[in-house]
Amino acid sequence: MSHFDHVQASYADAGQREIRRLRDEVEALRGENKALKYMVERDTAAIQRVRGACEDGNARTVWGGDGQVWTVVDRDAVLNALDGDNDA
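Residue numbers (my numbering): 683 to 770.
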C-alpha cells in the first residue's frame, strides 16, 4: 500500500468513526427530545387539571384590606388535581 493509499484509508476510517459518533449523538438527542415532549405533555395536563379544579368552584376571590384582590384555591382540590400524574 502506498503512502497516499494509507493516508486516504486513514481519512476514510476517521470519517466513518465521525459518522458513527454523530449518528449516536443524534439518537441520544432524539431520546432527550422524546423525554422533553413527554414532560411538556404531562405538565400541560397537570395545568389543565388544576385549572379545571379552580373552575369547579374550588376558588374564591378575597378582598384584602390593602385594596389587593387575592384568588384563593382549595389546597386539597389542587393536590388532588396534581395527583393525576400518578394515574399513568
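Yeah, the Cβ is synthetic: ideal placement off N, Cα and C, and Gly gets one too.
Am I right that residue i and residue j are in contact with their C-beta atoms under 8 Å? What's the rounded C-beta distance?
i: N771; j: D725; result: As shown, the chain starts at 683 and ends at 770. That puts residue 771 outside it, with no answer to give.
i: G766; j: A727; result: 7 Å
From residue i to residue j, what does the alpha carbon distance come to, in whole angstroms?
i: Y720; j: L764; result: 16 Å
i: H688; j: G713; result: 38 Å
i: Q750; j: E737; result: 21 Å
i: R733; j: W745; result: 21 Å
i: D769; j: V722; result: Any reading at D769 needs caution, since the residue's pLDDT is 49, under 50, leaving its predicted position unreliable; the model's value is listed next. Distance between the alpha carbons of D769 and V722: 17 Å.
i: G697; j: A691; result: 10 Å
For a test of the three-state rule: what should DSSP assign to residue i, helix, strand or coil?
i: D769; result: Below a pLDDT of 50, predicted positions are generally treated as unreliable, and D769, at 49, falls in that range; the measurement from the model is reported next regardless. Helix.
i: M683; result: coil
i: G749; result: coil
For residue i, which residues does DSSP report across the bridge?
i: R742; result: V754
Can you tell which of the options has the C-alpha that lies nearest to the C-alpha of residue i?
i: A759; options: A735, V744, G746; result: A735
i: V754; options: R742, G747, E723, N762; result: R742
i: N762; options: I729, R702, D748; result: I729
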